[in-house]
Amino acid sequence: FYERAGKVKCLGSPDRTGSVTIVGAVSPPGGDFSDPVTSATLSIVQVFWGLDKKLAQRKHFPSVNWLISYSKYSKALESFYEKFDQDFIDIRTKAREVLQREDDLNEIVQLVGKDALAESDKITLETAKLLREDYLAQNAFTPYDKFCPFYKSVWMMRNIIHFNTLANQAVERAANADGQKITYSVIKHRMGDLFYRLVSQKFEDPAEGEDVLVAKFQKLYDDLTTGFRNLEDEAR
1 FYERAGKVKC
11 LGSPDRTGSV
21 TIVGAVSPPG
31 GDFSDPVTSA
41 TLSIVQVFWG
51 LDKKLAQRKH
61 FPSVNWLISY
71 SKYSKALESF
81 YEKFDQDFID
91 IRTKAREVLQ
101 REDDLNEIVQ
111 LVGKDALAES
121 DKITLETAKL
131 LREDYLAQNA
141 FTPYDKFCPF
151 YKSVWMMRNI
161 IHFNTLANQA
171 VERAANADGQ
181 KITYSVIKHR
191 MGDLFYRLVS
201 QKFEDPAEGE
211 DVLVAKFQKL
221 YDDLTTGFRN
231 LEDEAR
C-alpha cells in the first residue's frame with residue numbers, strides 16, 4: 001500500500017508530472033508501539049508523527065510529540081534548506097537539543113525543584129517553553145496562525161535560539177568576571193520587553209508580506225543582541 005506513494009507521470013495529455021503522498025493513521029491498542037501493524041508501518045514509512053494524548057489534554061495542538069517523531073528525509077532536503085537559509089539546519093539541531101535537554105531536566109525538577117538547577121539549565125527550560133508554547137503550538141482558527149510560511153518558521157526559531165545563546169553567554173561571562181553576577185531571574189526581569197516580543201512572534205500575520213515580517217524579525221534579532229550587550233556592560 002505505502003509503495004504506491006511517490007513521484008508519478010500522469011496518464012493522458014499534456015504530459016504532467018505529479019506526486020502521491022500517503023498519510024496513514026495507525027492507532028495501536030493502548031498506545032502500544034510494539035503492536036505488529038504499528039511495527040510494520042514504522043518499518044516502511046519515512047516520516048512519523050507521534051500523536052500524544054497528554055499534549056491533547058493540555059490543549060497543545062497539533063498534539064505531535066517532538067521527542068518521538070522523526071523524518072528520514074532530513075538529509076535529502078538539506079540542499080533545499082541550505083539554499084533557502086544556510087543557518088536553518090544548525091538552528092533546528094539546537095532547538096531539538098534544547099527540547100531533549102528539557103525532557104532530561106524534568107525528572108530533576110520533580111525531585112529538587114527548579115530553583116536548585118544551574119542558571120544554564122533554567123535558561124534551557126525557559127527556551128524550551130518558548131519553543132513548545134509559542135513555536136510548536138498553532139491555532140488553526142486564527143488568520144495569523146492557520147498557516148506558517150517557511151521564512152516565518154525559520155525566523156521565529158532563529159530568534160528563540162539566539163535568545164538562548166546570548167543568555168547562556170551572558171551568564172557564563174559574568175560568572176568568570178569580578179562584576180555583578182547575571183542570573184536567569186535578572187535576565188527575565190531586565191529583558192521583559194524583549195521576552196514579550198519573543199512570545200508575540202507567532203501573532204505576526206503573513207498577510208502583511210514577507211519583507212515586512214522579515215524586517216520585524218530582524219529588528220528583534222538585533223535588539224536581542226544589543227539588549228544582552230548592554231546587560232553585560234552594566235554588570236561589569
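Residues 1 to 236 (UniProt numbering) make up the sequence shown, in order. Just so it is clear, CB atoms sit at the ideal spot from N, CA and C, and this is done for glycine as well. If you're wondering where the values come from, they're calculated on a predicted model, not measured in any experiment.
- Message: I need the boundaries of the beta strand (DSSP E) containing Ser19, first residue and last residue.
- Response: As a first step, residue 19 is located in the sequence shown; it is residue number 19 there, counting from the start. Per DSSP, Ser19 is one residue of the beta strand (DSSP E) stretching across Thr17 to Val20.
- Spatial distance of Ser43 from Tyr144 (CA atoms): Residue mapping note: residue 43 aligns to position 43 of the sequence shown, counting from 1. Residue mapping note: residue 144 aligns to position 144 of the sequence shown, counting from 1. Taking the straight line from one Cα to the other gives about 37 Å.
- Stretch pair the stretch 84-103 + the stretch 148-167: three plus CB contacts closer than 8 Å: yes
- So what does DSSP say about Val23, is it helix, strand or coil? Counted from its first residue, the sequence shown places residue 23 at position 23. Val23 falls in the coil class under three-state DSSP.
- State the beta-bridge partners of Leu51 as determined by DSSP. As a first step, residue 51 is located in the sequence shown; it is residue number 51 there, counting from the start. DSSP, once it has assigned bridges, lists Val64 as partnering Leu51.
- Task: Give, in chain order, every unbroken run of the alpha helix (DSSP H) that is at least 4 residues long and sits entirely within the stretch 143-193.
- Result: 150-175 and 184-190
- Task: Within the same chain, show all residues whose beta-carbon is closer than 6 Å to that of Gln201, passing over the 5 residues directly before and after it, in chain order.
- Result: Mapped onto the sequence shown, residue 201 falls at position 201. Here the set comprises Met156.
- Query: For the putative contact between Asp115 and Leu105, defined by C-beta atoms under 8 Å, what is the C-beta separation to the nearest angstrom?
  - Reply: Position 115 of the sequence shown, counted from the first residue, corresponds to residue 115. Position 105 of the sequence shown, counted from the first residue, corresponds to residue 105. Going by Cβ atoms, the distance from Asp115 to Leu105 rounds to 13 Å, so no, they are not a contact pair.
- Val8 bridges to which residues according to DSSP? The residue labelled residue 8 in the question sits at position 8 within the sequence shown. In DSSP, Val8 forms a bridge with Gly18.
- Spatial neighbours of residue 297 in its chain, beta-carbon cut-off 8 Å, leaving aside the 5 residues before and after: Past the boundaries of the shown model lies residue 297; the chain is included only from 1 to 236, so the question cannot be answered.
- Message: Do Tyr221 and His162 have their beta-carbon atoms positioned less than 8 Å apart in this structure?
- Response: Translated into the one-based positions of the sequence shown, residue 162 becomes position 162. Translated into the one-based positions of the sequence shown, residue 221 becomes position 221. Taking 8 Å as the Cβ cut-off, His162 and Tyr221 qualify as a contacting pair.
- Message: Less than 7 Å between C-beta atoms, sequence neighbours within five positions excluded: which residues of the same chain meet that for Ala5?
- Response: Here residue 5 refers to the residue found at position 5 of the sequence shown. Excluding positions up to five away in sequence, the list reads Val20, Thr21 and Ile22.
- With contact counted as at least three CB pairs below 8 Å, one residue from each stretch, are the stretch 73-82 and the stretch 93-102 in contact? The stretch 93-102 and the stretch 73-82 do not touch, with fewer than three beta-carbon pairs separated by less than 8 Å.
- alpha helix (DSSP H) segment containing Gly227, residue limits: Indexing the sequence shown from 1 puts residue 227 at position 227. Start and end: Glu210 to Ala235.
- Message: To the nearest angstrom, how far is the alpha carbon of residue 239 from that of Glu234?
- Response: Outside the shown range of the chain (1 to 236) lies residue 239, about which nothing can therefore be said.
- Message: For Ala177 and Cys148, what's the separation of their Cα atoms in angstroms?
- Response: Your numbering for residue 177 matches position 177 in the sequence shown. Your numbering for residue 148 matches position 148 in the sequence shown. Straight-line Cα distance between these residues: approximately 42 Å.
- Message: To the nearest angstrom, how far is the alpha carbon of Thr38 from that of Gln110?
- Response: Numbered from its first residue, the sequence shown carries residue 38 at position 38. Numbered from its first residue, the sequence shown carries residue 110 at position 110. Using only the alpha carbons, I get a separation of about 32 Å.
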